[in-house]
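A.B. asks: Pasting a structure here, questions to come.
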Ligand code: DHE
């Protein structure tokens with residue numbers, strides 16, 4: 002029986018809720034050859050069934066120094082000893098000695114050359130087809146406004162909820178892969194949603210039929226995904242291997258793998274990938290080299306100039322030697338390199354996708370880069386660690402402003418997008434992670450994600466840039482991540498706890514209208530807001 006089998010596998014295996022690599026470089030441990038042989042045997046006997054041969058990950062995450070960089074060894078020892086609540090990671094302190102556990106922890110921080118490869122053949126071999134798409138009905142098998150549905154990711158037990166955004170009732174609850182990260186991406190018609198797990202699994206869920214139809218493992222350690230305007234292509238940005246993988250969304254087959262190397266051949270992890278809708282291109286953030294990439298995926302019927310680009314790409318392609326005849330399969334997905342003065346990891350785009358604002362983690366400067374001219378046009382003095390990816394824009398006193406939370410400092414930075422000056426820093430009760438609004442709402446919401454006040458969320462009036470209300474939805478429990486309904490009338494908020502909740506607020510009166518228990522709900526994503534690139538939401 003598959004359920005009993007999964008339980009027995011679970012008893013053998015080690016599950017880590019690893020917050021995968023962010024910091025470079027990875028901490029590596031050296032062990033003597035004999036120690037390593039003994040530790041490898043321990044690993045094979047106790048961990049391999051979940052964490053995979055060569056520690057590449059399987060049901061559980063990969064256990065390599067490259068993706069354990071942010072996970073301290075003494076924490077790994079503790080997890081092996083006592084297990085991890087609410088995961089299938091059992092405690093090994095009854096079956097293994099203290100020195101065996103230390104040895105295992107040392108082992109997972111030793112480099113493993115063989116394990117860093119994940120080829121097109123591996124991608125193809127990993128494919129799981131749960132249902133034959135062609136046999137599934139093309140109409141929704143339930144009654145609801147298909148534009149006002151939400152996907153809510155529940156990290157606590159690696160599940161997701163499909164929610165009716167009118168009635169706030171569950172339409173489905175299904176298992177996801179382990180440790181999803183980043184926003185899931187909808188197909189342009191809103192029928193399919195694609196998820197990425199930190200361990201490289203990409204899952205395609207058919208909303209109309211409430212079924213996960215197919216899955217593929219695109220990499221060993223993935224950051225996030227983006228989908229093209231026409232819904233044909235999905236790009237997967239990866240730390241391990243250092244590459245991007247472009248998948249055909251119809252069957253999740255790999256169309257192209259592009260190794261992330263700068264023009265001098267230096268390899269880099271990929272921090273994130275984005276779709277730039279007016280440009281018909283993907284933008285790629287590279288973590289370890291001073292370049293940003295643009296990958297055009299369509300020339301819109303063979304016109305000479307990419308729609309949205311301010312110049313003839315063919316002249317540039319010829320001068321710089323990047324191939325760009327998209328009608329030829331061999332030249333599809335060319336890489337247009339934009340060299341930068343600094344490393345840029347975290348991005349935000351202006352609404353026209355002409356300029357990108359980027360920061361290097363730990364840098365005190367944001368850079369504004371014009372994607373057409375490839376030139377830096379401004380620097381913004383940004384302290385702490387702005388989380389640009391969670392930023393939003395709105396119109397303030399006749400001009401477009403951009404607001405970003407900050408992971409290190411308790412403030413929201415509001416920037417004038419005409420002259421790139423900081424208009425205001427709104428003081429909050431602690432560092433935050435996410436920010437949201439809706440064009441039909443006068444408010445922007447932001448959480449206090451870190452520190453003693455992490456049970457609070459601030460409601461900011463977009464016309465005065467002042468906090469008008471601070472809510473504590475579930476005192477003592479972390480409140481985080483909100484999203485609006487299609488019409489902007491309600492706000493859904495996560496209480497980020499194993500015994501957590503999804504709380505629905507009236508967006509105008511700020512009164513609670515519903516509470517639903519959930520297992521550590523993290524992000525939630527409204528079909529309409531996402532596919533229409535609503536300004537107050539993440540793209
Ligand atoms: Fe995220 C989105 C990067 C840690 C939950 N996060 C993103 C995106 C990036 C990013 C680039 C936008 C991609 C997208 O949506 O397609 N996140 C990073 C980091 O570099 C960081 C700080 C370190 C890391 O470990 O990767 C980080 N993120 C976290 C967490 O610890 C969070 C809170 C819990 C988790 O899931 O691991 C977390 N990140 C999220 C969520 C989104 C996200 C829920 C999507 C937000 C949205 O509204 O779209």
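In the numbering used here, the protein residues as written are 2 to 540. Every residue, glycine too, gets a C-beta built ideally from N, C-alpha and C.
Got a sec: does ligand 1 put a non-hydrogen atom nearer than 7 angstroms to the Cβ of residue 283?
C.D. replies: No, the Cβ of residue 283 stays beyond 7 angstroms of every heavy atom of ligand 1.
A.B. asks: How big is the Cα-Cα spacing for residue 207 and residue 344?
C.D. replies: Using only the alpha carbons, I get a separation of about 38 angstroms.
A.B. asks: Nearest to residue 423 by CA position, among 434, 437, 401, 433, is which residue?
C.D. replies: Out of 434, 437, 401, 433, 401 has the C-alpha closest to the C-alpha of residue 423.
A.B. asks: Which of the three DSSP states, helix, strand or coil, is assigned to residue 536?
C.D. replies: Coil.
A.B. asks: Ends of the beta strand (DSSP E) at residue 527?
C.D. replies: Where residue 527 is concerned, the enclosing beta strand (DSSP E) stretches over 522–527.
A.B. asks: From this set, 55, 62, 104, which residue's C-alpha is nearest residue 75's C-alpha?
C.D. replies: The residue with the shortest Cα to Cα distance from residue 75 is 104.
A.B. asks: Name the one or two DSSP bridge partners that residue 259 has.
C.D. replies: 245, per the DSSP bridge assignment.
A.B. asks: Quick check for students: name the residue ranges of the beta strand (DSSP E) that lie wholly in the region 121–209, counting only runs of 3 or more.
C.D. replies: Here the runs fully enclosed are 150–155, 160–165, 171–176, 193–197, 202–207.
A.B. asks: Is residue 243 near ligand 1, judged by its Cβ being under 7 angstroms from some heavy atom?
C.D. replies: No, the Cβ of residue 243 stays beyond 7 angstroms of every heavy atom of ligand 1.
A.B. asks: Is it buried or exposed, residue 312, if we count other Cβ atoms within 10 angstroms and call 16 or more buried?
C.D. replies: Counting Cβ neighbours within 10 Å, residue 312 comes out exposed, since fewer than 16 surround it.
A.B. asks: With 16 other CB atoms within 10 Å as the buried threshold, where does residue 452 fall?
C.D. replies: The residue in question, residue 452, is exposed, as its Cβ has fewer than 16 Cβ neighbours within 10 Å.
A.B. asks: If you draw a straight line from the C-alpha of residue 45 to the C-alpha of residue 532, how long is it?
C.D. replies: Distance between the alpha carbons of residue 45 and residue 532: 45 angstroms.
A.B. asks: Would you call the region 234–250 and the region 203–221 touching, i.e. three or more CB-CB distances under 8 angstroms?
C.D. replies: Segments in contact, yes.
A.B. asks: I'd like to confirm the pairing. Which residues does DSSP put opposite residue 211 in its beta bridges?
C.D. replies: In the DSSP output, where bridge partners are listed per residue, residue 211 has none listed.
A.B. asks: From 216, 72, 354, pick the residue whose C-alpha is nearest to that of residue 279; which is it?
C.D. replies: Nearest C-alpha to residue 279: 354.
A.B. asks: Is residue 448 near ligand 1 - that is, is its Cβ less than 7 angstroms away from at least one heavy atom of it?
C.D. replies: Flag unset: Cβ of residue 448 not near ligand 1.
A.B. asks: With which residues is residue 82 paired in a DSSP beta bridge?
C.D. replies: Answer by DSSP bridge pairing: none, since residue 82 is not bridged.
A.B. asks: What is the rounded straight-line gap between the Cα of residue 413 and the Cα of residue 405?
C.D. replies: Looking at the two C-alpha atoms, the distance is approximately 6 angstroms.
A.B. asks: Determine the DSSP secondary structure at residue 494, reduced to helix, strand or coil.
C.D. replies: Three-state DSSP puts residue 494 in a strand.
A.B. asks: So if DSSP puts residue 405 in a beta bridge, which residue, or which two residues, is it bridged to?
C.D. replies: Answer is 414.
A.B. asks: Starting from the Cα of residue 378, find the closest Cα among 342, 91, 347, 198 and give me that residue.
C.D. replies: Of the candidates 342, 91, 347, 198, the one whose C-alpha sits nearest the C-alpha of residue 378 is 342.
A.B. asks: Spatial neighbours of residue 298 within its chain, please: C-beta separation below 7 angstroms, excluding the five flanking residues on both sides.
C.D. replies: Excluding sequence neighbours, residue 298 sits near 229, 234, 281, 282, 283, 334.
A.B. asks: Spell out a yes or no on whether the region 156–167 and the region 243–258 are touching, meaning 3 or more CB-CB pairs, one atom from each, closer than 8 angstroms.
C.D. replies: The region 156–167 vs the region 243–258: no contact.
A.B. asks: Less than 8 angstroms separating the beta-carbons of residue 216 and residue 129?
C.D. replies: The answer is yes: Cβ separation under 8 angstroms.
A.B. asks: Report all residues from its chain with a CB closer than 7 angstroms to the CB of residue 101; omit the five preceding and five following residues, and keep chain order.
C.D. replies: 43.
A.B. asks: Ligand 1 and residue 191: does any heavy atom of the ligand fall closer than 7 angstroms to the residue's C-beta?
C.D. replies: No, Cβ of residue 191 sits at least 7 angstroms from all heavy atoms of ligand 1.
A.B. asks: Would the beta-carbon of residue 273 be found less than 7 angstroms away from any heavy atom of ligand 1?
C.D. replies: Correct: residue 273 has its Cβ closer than 7 angstroms to ligand 1.
A.B. asks: Mind reading off the beta-carbon distance from residue 348 to residue 390? Whole number of angstroms is fine, and I expect it under 8 angstroms.
C.D. replies: At roughly 7 angstroms, the Cβ-Cβ gap stays under 8 angstroms, so residue 348 and residue 390 are in contact.
A.B. asks: Does any heavy atom of ligand 1 sit closer than 7 angstroms to the C-beta of residue 151?
C.D. replies: For ligand 1, not one heavy atom lies less than 7 angstroms from the Cβ of residue 151.
A.B. asks: Would you report the Cα separation of residue 149 and residue 90, rounded to the nearest angstrom?
C.D. replies: Distance between the alpha carbons of residue 149 and residue 90 is about 36 angstroms.
A.B. asks: Rounded C-beta distance between residue 288 and residue 270? I'm assuming under 8 angstroms.
C.D. replies: Right, the Cβ-Cβ distance comes to about 4 angstroms (below 8 angstroms), so this counts as a contact.
A.B. asks: Pairs of beta-carbons, one from the region 523–532 and one from the region 424–433, closer than 8 angstroms: are there three or more?
C.D. replies: Too few Cβ pairs lie closer than 8 angstroms, so no.
A.B. asks: Under three-state DSSP, which class holds residue 1?
C.D. replies: Since the first residue of the chain shown is 2 and the last is 540, residue 1 is not available in this structure.
A.B. asks: How close, in whole Å, do the beta carbons of residue 408 and residue 388 come, if the pair is a contact with beta carbons under 8 angstroms?
C.D. replies: About 5 angstroms; that satisfies the 8 angstroms criterion.
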